[in-house]
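Comments concern the structure below.
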Amino acid sequence: MTDTHKNYLTHQTSIWSWLTTTDHKRIAILYLVTLLFFFLVGGAAATLIRLELATPAGDVVQADTYNRLFTIHGTVMVWFFLIPSIPTTLGNFLVPLMIGADDLAFPRLNLASWYVFVFGGLFTLAAIILGGVDTGWTFYTPYSSTYANSAVITVMVGVAIVGFSSIMTAINFIVTIHTMRAPGMGWFRMPLFLWANYATSIIMVLATPVLTITLALVGLERIFGIGIFDPTLGGDPLLFQHLFWFYSHPAVYIMILPGMGVISELITAYSRKPIFGYKAIAFASIAIAILGFLVWGHHMFVAGQSVYASMMFSILSYMVAIPSAIKVFNWTATLYKGQISLKTPMLYALGFIGLFTFGGLTGLFVAALAVDVHVHDTYFVVAHFHYIMVGGMVTAFMGGLHYWWPKITGRMYPEFLGQISAINIFLGFNLTFFPQFILGYLGMPRRYHEYPAEFQELNVASTLGASILAVGYILPIAYLIWSLRYGKKAPKNPWKATGLEWEAADSPPIAENFDEKPKVTKKPYHYDPTEDVEEAYV
1 MTDTHKNYLT HQTSIWSWLT TTDHKRIAIL YLVTLLFFFL VGGAAATLIR LELATPAGDV
61 VQADTYNRLF TIHGTVMVWF FLIPSIPTTL GNFLVPLMIG ADDLAFPRLN LASWYVFVFG
121 GLFTLAAIIL GGVDTGWTFY TPYSSTYANS AVITVMVGVA IVGFSSIMTA INFIVTIHTM
181 RAPGMGWFRM PLFLWANYAT SIIMVLATPV LTITLALVGL ERIFGIGIFD PTLGGDPLLF
241 QHLFWFYSHP AVYIMILPGM GVISELITAY SRKPIFGYKA IAFASIAIAI LGFLVWGHHM
301 FVAGQSVYAS MMFSILSYMV AIPSAIKVFN WTATLYKGQI SLKTPMLYAL GFIGLFTFGG
361 LTGLFVAALA VDVHVHDTYF VVAHFHYIMV GGMVTAFMGG LHYWWPKITG RMYPEFLGQI
421 SAINIFLGFN LTFFPQFILG YLGMPRRYHE YPAEFQELNV ASTLGASILA VGYILPIAYL
481 IWSLRYGKKA PKNPWKATGL EWEAADSPPI AENFDEKPKV TKKPYHYDPT EDVEEAYV
């Protein structure tokens with residue numbers, strides 16, 4: 001165990017030392033606390049939305065307030081939680097540890113990225129205080145650029161600013177992975193978590209500037225009346241959709257790719273087997289990053305784009321499912337004949353495979369032109385992307401947080417409560433969002449404040465599921481905070497896992513990460529399938 005005066009948490013203790021730190025591990029903690037705050041803000045908005053939808057009549061909030069609630073929920077969750085969560089927390093903490101480096105390539109840029117993130121968040125919070133935004137998180141024009149009487153500019157400035165934070169983090173990861181790997185760590189000795197974050201960083205660097213430019217153009221039209229998107233001014237509203245989704249569909253892979261990297265680590269650790277198809281999973285991450293740029297038009301099948309363009313986007317949307325399927329098949333093959341241990345992180349990993357697979361398969365429905373015409377802008381789409389974003393990304397984030405919690409904090413969490421919360425989240429999530437597939441197929445539009453009475457039973461089931469899901473998320477927050485003071489002290493490698501972060505770094509690591517520069521002499525995931533699984537864990 002690391003001497004308590006040397007580990008990164010206690011070698012300096014003042015608030016100023018945290019606010020001025022360039023230690024990637026401490027910056028990861030700063031991000032984690034900040035993201036938790038935004039998660040609670042977005043969750044509070046979701047709670048009010050589900051309360052409203054428990055009855056057909058709009059009897060909780062007014063229609064305009066409801067519009068502002070789902071806009072803030074979407075905006076906060078997408079740009080201030082889902083997109084940055086794994087790269088800025090687990091990624092920031094683990095990338096240098098996994099490659100045997102003492103920090104990221106640009107430590108001060110890393111700290112600056114957090115301050116930029118907070119600055120962007122303040123603009124978004126200011127928009128809420130100023131009355132909110134009623135455009136939806138997609139800011140569709142010409143409503144957002146011409147007609148909306150809400151704090152559109154304020155929230156778009158916040159989103160644009162936070163995009164710079166993403167670019168800073170992505171550049172740091174790319175340079176670090178290219179130039180700072182430990183001796184002996186070639187590209188195919190890197191953990192798959194690094195491959196996933198590398199692919200994600202490429203998307204961030206290439207796609208995020210497009211969003212920033214698009215939001216700037218909306219601002220120009222709104223403030224100066226320049227005709228860019230508003231047809232009454234000579235603009236083209238379809239241009240906005242093309243530009244917005246050129247970023248926002250790759251953004252889905254910014255959310256899910258790091259989660260896939262986490263799952264690759266968890267599946268092999270709790271199966272006690274080398275990962276099946278290492279290179280296939282690694283190249284699948286790169287393939288997803290590339291193909292993800294070619295499918296944005298499937299959001300626009302009913303928007304008036306060329307039918308021939310829609311056909312091509314439909315075909316490409318089916319193609320992007322192939323590398324995702326490769327990952328799922330390889331994870332399943334890794335489980336085959338493994339010594340599976342149903343620890344909390346593994347429960348989250350198995351839940352991820354089920355939820356992500358189901359969500360991905362429903363994506364095939366909306367990638368088909370004829371079906372999409374029927375379910376476009378219904379609750380079918382809402383359920384689909386929540387199965388991917390929340391059932392996939394958030395489940396992976398929770399699994400990774402539990403897996404690396406002993407490394408991050410030096411403390412163990414209560415295993416029984418962890419297992420209860422993982423099961424609770426899985427059940428609550430399905431009860432929340434599966435009824436929405438049925439609602440959407442039956443024709444209930446999304447974003448409606450009131451709805452026909454025949455949809456109430458399914459909406460009540462969804463609201464009940466959301467209550468269970470909320471308990472599932474609050475419970476880990478409570479016991480993880482509790483474990484910081486009362487949890488058992490963690491050994492260096494409680495899971496007997498492979499990887500430099502487990503085998504060469506203490507729990508929690510020292511400020512410099514390693515006592516001496518590690519060398520890599522083995523392939524990743526060198527587990528022994530014959531090892532007694534009960535002796536492998538704490």
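UniProt numbering puts the last residue of the sequence shown at 538; the count rises by one with no breaks. Where a beta carbon is used, it is the ideal one built from N, C-alpha and C, also for glycine.
| Asked | Found |
| --- | --- |
| Rounded distance between the beta-carbons of glycine 136 and glycine 235, thought under 8 Å | With a Cβ gap of about 19 Å, glycine 235 and glycine 136 do not count as contacting. |
| Buried or exposed by the 16-neighbour rule on C-beta atoms within 10 Å, applied to alanine 63 | exposed |
| Three-way DSSP call (helix, strand, coil) for proline 209 in this model | helix |
| Three-way DSSP call (helix, strand, coil) for residue 559 in this model | Any property of residue 559 remains undetermined from this structure, which presents the chain solely from 1 to 538. |
| Rounded distance between the beta-carbons of proline 445 and residue 623, thought under 8 Å | A question about residue 623 goes unanswered here, because the residues of the chain that appear run from 1 up to 538. |
| Bridge partner(s) assigned by DSSP for threonine 34 | Its beta-bridge partners do not exist; DSSP assigns none. |
| According to DSSP, residues forming a beta bridge with proline 445 | Thr378 |
| Rounded separation between phenylalanine 80 and leucine 35 - CA only | 7 Å |
| Alanine 105 versus threonine 176: straight-line alpha-carbon distance, rounded | 5 Å |
| Cβ-Cβ separation, serine 341 to tyrosine 270 (assumed contact under 8 Å), whole Å | 5 Å |
| Assigned secondary structure, arginine 411 (DSSP; H/G/I helix, E/B strand, else coil) | strand |
| Spatial distance of histidine 386 from threonine 521 (CA atoms) | 41 Å |
| Inside the stretch 162-213 only - alpha helix (DSSP H) runs reaching at least 4 residues | none |
| Stretch pair the stretch 262-282 + the stretch 330-337: three plus CB contacts closer than 8 Å | yes |
| Own chain residues within Cβ distance below 8 Å of aspartate 528, not counting five before or after | Arg272 |
| With 16 other Cβ atoms within 10 Å as the buried cut-off, status of aspartate 515 | exposed |
| Same chain, Cβ closer than 7 Å to threonine 4, neighbours up to 5 away in sequence not counted | Low confidence applies to threonine 4: its pLDDT is 46, below 50, so where it sits in the model is not reliable enough to give any reading. |
| Between the CA atoms of leucine 122 and glycine 225 - distance to the nearest angstrom | 27 Å |
| Status (buried if at least 16 other CB within 10 Å, exposed otherwise) for serine 14 | exposed |
| Nearest-angstrom beta carbon gap, glycine 297 and alanine 309 [assumed within contact, 8 Å] | 6 Å |
| Cβ-based burial, methionine 1 [other Cβ within 10 Å; buried from 16] | Residue confidence for methionine 1 is low, a pLDDT of 43 falling below 50, so the modelled location carries little weight and cannot support an answer. |
| Whole runs of the beta strand (DSSP E) within the stretch 93-172, excluding any shorter than 3 residues | none |
| Run of the alpha helix (DSSP H) containing alanine 63, from where it starts to where it stops | 63-77 |
| Reduced DSSP secondary structure (H/G/I, E/B, other) of lysine 279 | helix |
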